[in-house]
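Down below is the structure, laid out as structure tokens.
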Amino acid sequence: GAGVSQTPSNKVTEKGKYVELRCDPISGHTALYWYRQSLGQGPEFLIYFQGTGAADDSGLPNDRFFAVRPEGSVSTLKIQRTERGDSAVYLCASSLWAGGNNEQFFGPGTRLTVL
Amino acid sequence: DQQVKQNSPSLSVQEGRISILNCDYTNSMFDYFLWYKKYPAEGPTFLISISSIKDKNEDGRFTVFLNKSAKHLSLHIVPSQPGDSAVYFCAASYYNQGGKLIFGQGTELSVKP
Chain H
1 GAGVSQTPSN KVTEKGKYVE LRCDPISGHT ALYWYRQSLG QGPEFLIYFQ
51 GTGAADDSGL PNDRFFAVRP EGSVSTLKIQ RTERGDSAVY LCASSLWAGG
101 NNEQFFGPGT RLTVL
Chain B
116 DQQVKQNSPS LSVQEGRISI LNCDYTNSMF DYFLWYKKYP AEGPTFLISI
166 SSIKDKNEDG RFTVFLNKSA KHLSLHIVPS QPGDSAVYFC AASYYNQGGK
216 LIFGQGTELS VKP
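Line order of the protein sequences matches chains H and B.
1 is the number of the first residue of the first sequence in this note's numbering; add one for each residue after it.
116 is the number of the first residue of the second sequence in this note's numbering; add one for each residue after it.
Laid out in structure tokens, this is it:
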């Protein structure tokens, strides 16, 4: 399909390990967003890219979290020294461009479990 | 600080009746509001939106009402159908913030046949 895809769908890791979560946006979408959804909560903004650059990373909880989008398409969210509190569903969304009323299309998410 | 709040975690209605989902916000800078629907193991999907210059927007069975003075919006679904059973999220954004969305906690709607 032509929607947003995320891999892996599930990731189980041990406390202290490093993980990478991948997002493939819809082709032609220049804006890409990462959100995190904890149990019983709504999605919480982490970071967004317009093209290759991170335009707003104010939602990243601390410096263990980092995201890249080197060619303006695929993005990777990287989490170092994972903690149990990082367990959540990580959602990626893309839109034609950032801002205003452009609809964001979400992927199915990656469920991260830190043991 | 929860800027967008959905105070009802769940709602149950009978098929054919009206479903009303509510959302409150605190930030007066918000100028665009959206409702997303989410099924288990899927990402949220856009349902309907409203700009702050309007007080109502309608799309088929779905209508969103905005009361700016009360900082309140609601989603009406008429008539409700069993396929509408899902979690509904209210979200808000504002100008020059790149479209980043601030979500409420969600309301789980169950429509009984």
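Where a beta carbon is used, it is the ideal one built from N, C-alpha and C, also for glycine.
If you're wondering where the values come from, they're calculated on a predicted model, not measured in any experiment.
Within the model, the alpha-carbon separation for V202(B) versus P155(B) is close to 8 Å. Interface with chain B (9 Å Cβ-Cβ cutoff): L91(H) is included. For F161(B), the nearest beta carbon of chain H is closer than 9 Å to its own beta carbon.
The continuous stretches of beta strand (DSSP E) do not include L115(H), and DSSP gives it neither H nor E. The CB of A156(B) comes closer than 7 Å to the CB of P108 in chain H, given here in chain order.
V12(H) counts as exposed, since fewer than 16 other beta carbons sit within 10 angstroms of its beta carbon. Interface flag for L224(B) against chain H is unset, since no Cβ pair is found closer than 9 Å. Membership of Y151(B) in the beta strand (DSSP E) is indicated by the continuous run Y147 to K153. The beta-carbon distance between S127(B) and K227(B), rounded to whole angstroms, is 7 Å. This is short enough to meet the 8 Å contact definition.
Taking L149(B) as the centre and dropping the five residues before and after it, the same chain places the C-beta of S164 and A206 closer than 6 Å to its C-beta, in chain order. Straight across, the Cα-Cα distance linking Q6(H) with S87(H) is about 16 Å.
Non-local beta-carbon contacts of E20(H) in its own chain, meaning distances under 6 Å to residues more than five positions away in sequence, involve T76 and K78 in chain order. Interface flag for A207(B) against chain H is unset, since no Cβ pair is found closer than 9 Å. Here DSSP, grouped into helix, strand and coil, assigns G99(H) to coil. The DSSP-derived three-state label of G85(H) is helix. When 8 Å is used as the limit between beta carbons, Q220(B) is near these residues of chain H: G40, Q41 and G42, in chain order. Contact annotation for G213(B) against chain H: A31, Y48, Q50, A55, D56, A98 and G99 [CB-CB distance below 8 Å, chain order]. Proximity to R111(H) across R84(H), N102(H), F105(H) and A31(H) peaks at R84(H), based on C-alpha coordinates. At the C-beta level, R64(H) and R36(H) stay beyond 9 Å of one another.
N10(H) and L115(H) have their alpha carbons spaced roughly 13 Å apart.
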